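Enquirer: Take 0 as the starting number for the sequence shown in numbering that gives the first Met the number 0 and just add one per residue. Glycine is no exception: its CB is placed at the ideal position from the N, C-alpha and C atoms. Owing to the predicted nature of the structure, the values given are computational and were not obtained by experimental measurement.
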Amino acid sequence: MPPAATTTRTGRTTRARAPRVVSEEVQLRRLLEALTAMRDGNFRRRLTPASDGVLGELALVYNDIADRQQHLASELARVRRAAGRDGRHDERLQQGHGEGAWAASVEAANGLVADLVRPTGELARVVSAVAQGDLTQRMDVGNVGQPLRGEPLRLARSVNLLVGRLSSIADEITRVTREVGTEGKLGGQAKIRGADGSWRDLIDAVNTMSSRLTDQVRDIALVTTAVANGDLSRTVTVEVSGEMEQLKVTVDRMVDQLSSFADEVTRVARDVGTEGRLGGQAVVPGVAGTWRDLTDSVNLMASNLTSQVRGISFVAQAVARGDLTQQITVTARGEVAELAETLNSMTATLQTFADEVTRVAREVGTEGILGGQAAVPGVSGTWRDLTDSVNFMADNLTNQVRDIAQVTTAVARGDLSQKITVDVRGELAELK
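1) Where do the ends of the alpha helix (DSSP H) carrying residue 345 lie?
2) When you compare each of 96, 232, 304, 221 to residue 329 by their alpha carbons, which one comes out closest?
3) With contact counted as at least three CB pairs below 8 Å, one residue from each stretch, are the stretch 56-71 and the stretch 32-42 in contact?
4) Here's the rule: buried if 16 or more other CB atoms are within 10 angstroms of the residue's CB, otherwise exposed. What is residue 391?
5) Return yes when the Cβ of residue 314 is within less than 7 Å of the Cβ of residue 342, no when it is not.
6) With a threshold of 7 Å on Cβ separation, who are the neighbours of residue 125 within its own chain once the five nearest residues in sequence on each side are excluded?
7) Mind pulling the alpha helix (DSSP H) runs of 4 or more residues that sit fully within the stretch 49-132?
8) Among 118, 356, 388, 164, which one has its Cα closest to the Cα of residue 150?
9) Who are the Cβ neighbours of residue 1 in its own chain at under 6 Å, not counting the five residues just before and after it?
10) Within its chain, find whatever has a CB closer than 6 Å to the CB of residue 280; leave out the 5 residues flanking it on each side and keep chain order.
11) My output table needs one value for residue 395: the three-state DSSP class, helix, strand or coil.
12) Apart from the five residues on each side of it in sequence, which residues of its chain come closer than 7 Å, Cβ to Cβ, to residue 9?
13) Can you tell me the Cβ-Cβ gap for residue 256 and residue 226, rounded? I've got them flagged as a contact below 8 Å.
14) Give me, in chain order, the residues of the same chain whose beta-carbon lies closer than 8 Å to that of residue 54; leave out the 5 immediate sequence neighbours on both sides.
15) Using only alpha-carbon positions, find the residue among 72, 51, 389 that is nearest to residue 37.
16) What does a CB cutoff of less than 7 Å around residue 45 pick up in its chain, not counting 5 residues either side in sequence?
17) Taking contact to mean at least 3 C-beta pairs separated by less than 8 Å, is the stretch 410-419 in contact with the stretch 378-393?
18) Helix or strand or just coil, what does DSSP make of residue 330?
19) Might you give, ordered along the chain, the residues of its own chain that have their beta carbon closer than 6 Å to the beta carbon of residue 406, omitting 5 neighbours on each side?
20) Quick one: what's got a C-beta closer than 6 Å to residue 218's C-beta in the same chain, skipping five residues either side?
21) Just verifying my parser: in three-state terms, what is the DSSP assignment at residue 386?
22) Pick out whichever of 295, 242, 251 has its Cα sitting closest to the Cα of residue 264.
23) If you draw a straight line from the C-alpha of residue 244 to the C-alpha of residue 200, how long is it?
24) Less than 7 Å between the beta carbons of residue 282 and residue 301, yes or no?
25) Measure the alpha-carbon distance for residue 111 versus residue 169 and round it to whole angstroms.
Right, here's the structure in full:
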C-alpha cells in the first residue's frame, strides 16, 4: 500500500515518508553495547524497542534487568552511606519489584548489615554503660540466639575481658580506699589476678600508695602514742614528701618543743621543789600559743613562789633575830595566803607578848610597881600558857615581896610579932 498524501500550509500536496526500519544486526549491536555497559557497571543505559519481535522483547527484558540492578546498586550505596557516614544502623535495602534471586540478594544484604550491626550495637551498649560507671554489663556472645563467630566473637570476648578487668580493678581500688580512707584499716593491698601492662602498673601504683600511706600514718601514730605515754625521745623517721613531709616536720617540731618544755619545767621544779634554789625560770625558745602560755604560767608560778617563800623567810629570819616588827607583805592566795596570815598573826602575837612581858618585867623589876599582869588578847595554847606563867610569876613575886615588906615594916615600927606567911621557895625561902 503506497504512503498516504498530505497537504502543506502552502497548499502543496506531498506524500508521507515511510517509517525507517532498523535492521536486526543494528538492534543486536545496540543490545551488545548495552550488555557491555552493564557488565562494566553502567546500569543507567536503556534500550528502545525497535520492533515487536524477539529483539523488542529482549530490549524490554534488558531494561527490567538494568532497572533492578540500578535499584540494588543505589540501595546498597544508600544503606552504606546511612550506616557508614551518618551512623544510622537501622537503615535497610528496599526490596523493589524483583523476585526470586533479586529478593534473596536484598535479604542477604540486609542480613549481612544486621549481622554486622548487632555486635556494634552490643559494643555501643556496653561501652556506654562503662562510660556511665556501670561495669556489670557484658556483650552477649550468643547475640540473641545467633552465636557470634570469627572476628565479632573475638571482639566480644576482648571487650568482656576488658570490662571484667575494669570491674575487678574498680572493686579492689574501692575496697582499699574504703579500708584506708574510711574504716581506718591500714595495710590493705589490691589484688588482681592476671593483670599485665598498664593494669599491672595501675594496681602497683595503688598498692604503693597504700603501703606508703600505711607506713607514714603508723610512724606518726607511733610517735604521737609515745608522746601520749610520756616518751618524748621519738621522732618521725619514715620517708615522706609533700604535705606529709610538712606534717612530719610539724610533729617532730611539736615533740622537740614538748621535750624542751618538759625538760625546762622539770629543771625548774627540781630547782625550786627539791634543791630549794629559788628564782629559776623555764626557757623554751621558739614556742608560741599555748606552749608560750604554759611556759609563762610555769615561770609565773616559780616567780610567785619565790617571792612568797622569800617573803616568809625574811619575816622568819627577823623573828629569829628578835625583830618582831616585820610583816609578810607579798601578794598570795589560797593556802599560801593562809600561811602568810598565820605568820603575820604569830608575829603580832609575839610582838604583843613581848611588849606585855617587857612591861610587866619593867614595872616589877625596874619601877617596883607590883601587881602588874600581862594582857595578850586572843592567845591560846602555848602562848596562853606562857602568858599565864608570866602573870603567875608576877603575882607570886608580888605576894612574896609584899608579905616580906609588911613584916619588915612591922619590925621597923617595933612590932616583932609579924611573920612571913607567904609560900615561897628557893632563895626567897631562905630569905623568909
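Expert: On the basis of the data shown:
1) Membership of residue 345 in the alpha helix (DSSP H) is indicated by the continuous run 333-360.
2) Among 96, 232, 304, 221, the Cα nearest to that of residue 329 is on 304.
3) Contact between the stretch 56-71 and the stretch 32-42 is present, because at least three Cβ pairs lie under 8 Å.
4) The residue is exposed, with fewer than 16 neighbouring Cβ atoms inside 10 Å.
5) In this structure, residue 314 lies closer than 7 Å to residue 342 by Cβ.
6) For residue 125, where only same-chain residues beyond five positions count, the Cβ hits under 7 Å are 136, 137, 138, 158, 162.
7) Fully enclosed alpha helix (DSSP H) runs of no fewer than 4 residues occupy 53-83, 100-130 of the stretch 49-132, in order along the chain.
8) Looking at 118, 356, 388, 164, the one whose alpha-carbon comes closest to that of residue 150 is 118.
9) For residue 1, the predicted structure reports a pLDDT of 45, less than 50, and the residue's modelled location is therefore unreliable. The matter cannot be settled from this model.
10) Taken in chain order, the residues that qualify are 298.
11) Secondary structure of residue 395 (DSSP, three-state): helix.
12) With a pLDDT of 46 at residue 9, under the threshold of 50, the modelled position of that residue is not reliable, and the figure given next carries that caveat. Excluding residues within five positions, none has a Cβ falling inside 7 Å.
13) In fact, because the Cβ distance is near 11 Å, the residues do not count as touching under 8 Å.
14) Result list for residue 54: 23, 26, 27, 30, 48, in chain order.
15) The candidate whose alpha carbon is nearest that of residue 37 is 72.
16) So the list reads 62, 65, once near-sequence residues are dropped.
17) These segments do not touch.
18) Residue 330 sits in coil when the DSSP states are folded into three classes, being neither helix nor strand.
19) Here the set comprises 417, 419.
20) Result list for residue 218: 235, 237, in chain order.
21) DSSP places residue 386 in helix when its eight states are reduced to three.
22) Closest option to residue 264, Cα to Cα, is 295.
23) The C-alpha of residue 244 lies about 25 Å from the C-alpha of residue 200.
24) For residue 282 and residue 301, no; Cβs fall outside 7 Å.
25) The straight-line gap from Cα to Cα measures roughly 37 Å.
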